[in-house]
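Here the structure comes first, spelled out in C-alpha cells, and everything after it is commentary.
Number of protein chains: 2
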Amino acid sequence: MISPDDLPRAEPDDPTLLARLAARLDAKTKPAGSLGRLEDLAARLGAIQGTDAPTLRAPHLMVFAGDHGVAAEGVSAYPREVTWQMVMNLVAGGAAACVLARANGMALSVIDAGVDHDFGVLPGLVDRKIASGTANLAVSAAMTVAQCDAALDAGAQLARDRLRQGCNVIAFGEMGIANTTAASALAARFTALPLADLVGRGSGVDDATLARKEHVVARALALHAGATAARDALAALGGFEIAMIAGAMLAAAQARAVIVVDGFVVTAALLAARAIDPTVTRACVYSHLSGERGHRAVLAHLGATPLLDLGLRLGEGSGAALALPLLRAAVAILADMATFDSAGVASRRCEKGRA
Amino acid sequence: MISPDDLPRAEPDDPTLLARLAARLDAKTKPAGSLGRLEDLAARLGAIQGTDAPTLRAPHLMVFAGDHGVAAEGVSAYPREVTWQMVMNLVAGGAAACVLARANGMALSVIDAGVDHDFGVLPGLVDRKIASGTANLAVSAAMTVAQCDAALDAGAQLARDRLRQGCNVIAFGEMGIANTTAASALAARFTALPLADLVGRGSGVDDATLARKEHVVARALALHAGATAARDALAALGGFEIAMIAGAMLAAAQARAVIVVDGFVVTAALLAARAIDPTVTRACVYSHLSGERGHRAVLAHLGATPLLDLGLRLGEGSGAALALPLLRAAVAILADMATFDSAGVASRRCEKGRA
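Going line by line, the protein sequences match chains Z and Y. Under our numbering, the first sequence has 248 at position 240, and the numbering climbs by one with no breaks. Under our numbering, the second sequence has 23 at position 15, and the numbering climbs by one with no breaks.
Structure (C-alpha cells):
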C-alpha cells in the first residue's frame, strides 16, 4: 500500500538544469521566447525527466472506470448502466478517447476499477474491480479506507507495470456516471473553494438537477466533516476510478514519468494525490481547460495553466489525448531545431554591430 | 491574373448539410456538444468540403518569404539578411516550422516570393521571386500593381499545383524581416481599427522602435490614403510574400480546400484576399491566437475563434503546423466514433423512461 512515509519524494527542479534548458531554447533560430508556452512545456518536460533532452516513449492513456452510489441521488443526466456500456464502447474502440488516442498515436487501456456490471471475460478490459460501485457518499463513506488503499495500490501497480514496459508518459482518463459529483466533493474538501464554483452540469444536467447535485455535495461534506486526512477524505468522498488514478499518478511521479492531466475528474484525483504527496504536481502537464464548471477554479488553485481551451466536457481522457501532439512538438523543438550558430543566422541587430 | 470578376465564388454553406453534420455529431457516444470546439471544427471542415464525411489529404504548409523596403526605417530587431538566412534554414529543415510540420506529418515547401538574395540553384527552394525586396512603403508603393498582380497569380498557381497533386489542406506561413510593419498597415487599411491595436513588437523590438514602427505605419497610411481598392491597398502597403499568400488563399478557397490560417502576417494576407473576394473566409480555419499585438483585434474583426492560444509570435506557419492534429482529430470524431445505436449505449435518462 502507498503510504506517504514510503514515498521517495520527486526531486525538486534543479536550477542548473532549468538554466541549461532555457539556454538551449534561446539558442534556437527564433526570437527568444517566441514559441511561447511551447517553450515552457519543453522546459517542464525536461525538468520532469531531469534532462535537457527530454523524450516521449510509448505514451499511454489509462482510462479508469467505476460506478458511484451517489448516482442514486439523481445527479446525472444519464442512467447508471451507461458506465458499463461506455466501458464496452471504450474496449471496442468506438469512444471519443479511443478515436483521439488513435489519431495521435497513443496506446489506451481500459481498467474496471469498480463498475457495477459483470463483464465476464472481456479481452481488452483490465479487471481491478474493487467492488460493484461505491456506496452513496451522501449517506456513508463512498469507500472504506481499506478499499481506498486497495484502489490506490492497484493504480500504482498498473502505472509501474506500464512504465516498466518502456512508457514514460501516462495520460489519465475516467468514465463513471455521477463521478463529477464525487469530484466536486473532493475538490471542495481539498481546495476549500466555494461549492458554487465547483459543482457543474457534468454530462449536461438541467437546473433542477444541478441544484440537487450541489445540495448532495453539501450534505456529503457535512456528513464527512471529520474526514480531513488525505486518505480519509478520498475514501469518504471519492470513487474507485478516482483513487486508482491518484495511486497511478503517485507512482508515475516517483518514476519521473510525465503525467498528462485531463479534465475536472482527473484533476480532482490529482488533488487527492497531492494531498498525499505534494510533489506529485511536479510531474504534471495540464492538457486542457474543461467546460465543466469547477475545472477553472481548481486549475487556478493549483497554479496550473492548461494547454488547450476547447470547451471539452467529456472526460475519458479526451483532452489529454488531444494535447499529446503539443508535447511531441515541444520535445521536437529542443531536439531538432537549428541554432543561430549551426544555421548561420544572424542574431539581433545590436549583436551585429548595426544601428 | 486573378480578378474578382473571374472568380467562381465559394459555395455558401448548405443548411441541410450543416444539419446533417450536427445530427451525425449528436449521434456519437458523448453528451451533445461535449467535444466543444472540436465539434464546431468538424462541422466547419465538412461545410468547407461540402460533405458530412470530410477528409484531410496530404496537408501542406507553404512558407512564402520576401524582403521589405520598409526595413530601412529600422522597424525590426533583426537585420535584413536574416530573411535569406532563415530561408536557408527553412530549406535545410532546421527552422521551427520545419520541425513542427515534420512532428505533425505535414509536408512543407519554401517559396522565394521576393527575397533580396541570390540563392543560385538551391534544391528545395521554389523560385517565384518578383523582385529583390519591395520598395519602402513609407516612401512609395511597396509594389507596383503589376508586381502585386504577378504575386497574386504566382500564389494562386502554386496552390493549384499543390491541390492538383491531391492535397486538400493548405496551411500558410511566412518569413520576411519587417513584414509585421506591412501587415499592420494592411490590417489598418482593411479593418479601420486603431493603430495602437495593430502595431506590435514583431520579433521583439524595444519601446523606441515600437514607437517608430507605429509612426512609419501612420505615415504610410497617410501617403497611400488614395489606395482604397483592395488590389491598390495590397500593392501600396503589402509585400511579395503577403500578396502570394493572398493569391494562394483565393485559389484554395475556390477549390474548396481547407485554408489553415497562421498568425498576424498570414491573417493580414487573408484580409487582403477577403477584400478581393469576401467568400474566402468560408474556407478558413484559424489555427492560433498569436502573441503579436494586432492578431486578437484582427481575428475579432473577422469573427474568428482561433484553436490554440499558446503565446506564439514566430510566424513561419508554426501555429498552423501545431494545429493540424486538431483538424485530424475533428475529422476522426466524425469518421470513427461509435453512435449510441451502434455501441448499444443508453442515451439520456428521460429517453429511457427514467425519473
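Glycine included, each C-beta is placed from N, C-alpha and C at the ideal position.
Which of helix, strand or coil DSSP assigns to residue i
i: Ile185 of chain Y; result: coil
i: Leu316 of chain Y; result: strand
i: Val268 of chain Y; result: strand
i: His232 of chain Z; result: coil
i: Val6 of chain Y; result: The first residue shown for chain Y is 9 and the last is 363, placing residue 6 of chain Y beyond what the model contains.
i: Asp240 of chain Z; result: helix
i: Gly352 of chain Z; result: coil
i: Asp344 of chain Z; result: helix
Residue i to residue j span [Cα, whole Å]
i: Ala158 of chain Y; j: Ala237 of chain Y; result: 17 Å
i: Ile56 of chain Y; j: Ala167 of chain Z; result: 43 Å
i: Gly311 of chain Y; j: Ala259 of chain Y; result: 22 Å
i: Val266 of chain Z; j: Ala190 of chain Y; result: 42 Å
i: Gly271 of chain Z; j: Ala254 of chain Z; result: 14 Å
i: Met96 of chain Z; j: Ala121 of chain Z; result: 14 Å
i: Val213 of chain Y; j: Val83 of chain Y; result: 8 Å
i: Ala377 of chain Y; j: Asn144 of chain Y; result: Given a span of 9 to 363 for chain Y in the structure shown, any question on residue 377 of chain Y remains unanswerable.
i: Gly174 of chain Y; j: Met70 of chain Y; result: 15 Å
i: Asp240 of chain Y; j: Ala331 of chain Z; result: 43 Å
i: Ser140 of chain Z; j: Asp169 of chain Z; result: 24 Å
i: Glu81 of chain Z; j: Ala219 of chain Z; result: 12 Å
i: Glu300 of chain Y; j: Arg321 of chain Y; result: 5 Å
i: Pro286 of chain Y; j: Arg264 of chain Y; result: 14 Å
i: Gly77 of chain Y; j: Ala66 of chain Y; result: 35 Å
i: Ala235 of chain Z; j: Ala244 of chain Z; result: 7 Å
i: Lys221 of chain Z; j: Ser148 of chain Z; result: 16 Å
i: Glu89 of chain Y; j: Ala354 of chain Z; result: 8 Å
i: Arg68 of chain Y; j: Ala51 of chain Y; result: In the sequence as presented, Arg is not what sits at residue 68 of chain Y; that position holds His. For His68 of chain Y and Ala51 of chain Y, the distance between alpha carbons rounds to 21 Å.
i: Phe53 of chain Z; j: Lys38 of chain Z; result: Looking at the sequence provided, one finds Leu at residue 53 of chain Z rather than Phe. Taking the straight line joining both Cα atoms gives about 20 Å.
i: Gln262 of chain Y; j: Leu160 of chain Y; result: 14 Å
i: Leu130 of chain Z; j: Leu29 of chain Z; result: 46 Å
i: Thr289 of chain Z; j: Met257 of chain Z; result: 9 Å
i: Leu46 of chain Z; j: Leu26 of chain Y; result: 34 Å
i: Asn391 of chain Y; j: Gly101 of chain Y; result: This structure gives no information on residue 391 of chain Y, because the portion of chain Y shown stretches from 9 to 363.
i: Asp14 of chain Z; j: Ala85 of chain Y; result: With a pLDDT of 49 at Asp14 of chain Z, under the threshold of 50, the predicted position of this residue should be treated as unreliable, and no value is reported.
i: Val268 of chain Z; j: His232 of chain Y; result: 52 Å
i: Gly319 of chain Z; j: Ala179 of chain Z; result: 19 Å
Cβ-based burial, residue i [other Cβ within 10 Å; buried from 16]
i: Thr63 of chain Z; result: exposed
i: Arg172 of chain Y; result: exposed
i: Gly132 of chain Y; result: exposed
i: Asp75 of chain Y; result: buried
i: Pro333 of chain Z; result: buried
i: Pro87 of chain Z; result: buried
i: Val339 of chain Y; result: buried
i: Ala308 of chain Y; result: exposed
i: Cys358 of chain Y; result: For Cys358 of chain Y, the pLDDT reaches just 49, beneath the cut-off of 50, and the residue's location in the model is therefore unreliable, although a value from the coordinates is still provided. Cys358 of chain Y should be labelled exposed.
i: Gly163 of chain Z; result: buried
i: Gly302 of chain Y; result: buried
i: Thr24 of chain Y; result: exposed
i: Thr91 of chain Y; result: buried
i: Asp135 of chain Y; result: exposed
i: Asp126 of chain Z; result: exposed
i: Thr313 of chain Y; result: exposed
i: Val123 of chain Z; result: buried
Cβ-heavy atom distance, residue i to the ligand COA, below 7 Å
i: Ser140 of chain Y; result: Among the ligands in the structure shown, none appear at all, so the ligand COA cannot be discussed.
> Are the region 344-354 of chain Y and the region 206-215 of chain Y touching, with three or more C-beta to C-beta distances below 8 Å?
Replying inline: The region 344-354 of chain Y, when compared against the region 206-215 of chain Y, does not touch it at the 8 Å Cβ threshold.
> So, do the region 183-203 of chain Y and the region 284-295 of chain Y have three or more beta carbon pairs nearer to each other than 8 Å?
Replying inline: Counting C-beta pairs closer than 8 Å gives fewer than three between the region 183-203 of chain Y and the region 284-295 of chain Y, which falls short of the contact rule.
>> As an exercise, report each continuous beta strand (DSSP E) stretch of at least 3 residues that is fully enclosed by the region 20-95 of chain Z, in chain order.
In response: The DSSP assignment places complete beta strand (DSSP E) segments of no fewer than 3 residues inside the region 20-95 of chain Z at 68-74, in order along the chain.
>> Please give the ranges of any beta strand (DSSP E) in the region 108-190 of chain Y, keeping only runs that are unbroken, at least 3 residues long and fully inside the region.
In response: For the region 108-190 of chain Y, the full-length beta strand (DSSP E) segments reaching 3 residues or more read 115-122, 133-135 and 177-183 along the chain.
>> Count Cβ pairs between the region 237-252 of chain Y and the region 182-198 of chain Y that sit closer than 8 Å; are there 3 or more?
In response: Contact between the region 237-252 of chain Y and the region 182-198 of chain Y is present, because at least three Cβ pairs lie under 8 Å.
> Hey, which unbroken runs of the alpha helix (DSSP H) at 4 residues or more fall wholly within the region 262-310 of chain Z?
Replying inline: Runs found: 272-284 and 303-310.
>> With three or more beta-carbon pairs closer than 8 Å as the criterion, would you say the region 147-156 of chain Z touches the region 35-49 of chain Z?
In response: Contact between the region 147-156 of chain Z and the region 35-49 of chain Z is absent: fewer than three C-beta pairs spanning the two stretches fall below 8 Å.
>> Quick check: the region 99-109 of chain Y against the region 331-346 of chain Z, are at least 3 beta-carbon pairs closer than 8 Å?
In response: Yes: the two stretches touch, three or more of their Cβ pairs being nearer than 8 Å.
> Is the region 322-330 of chain Z in contact with the region 277-285 of chain Z, if contact means three or more CB pairs nearer than 8 Å?
Replying inline: The region 322-330 of chain Z, when compared against the region 277-285 of chain Z, does not touch it at the 8 Å Cβ threshold.
> Which residues, taken in chain order from the region 20-46 of chain Y, show a beta carbon closer than 9 Å to some beta carbon of chain A?
Replying inline: Given the protein chain composition of this structure (Z and Y), no chain A is represented.
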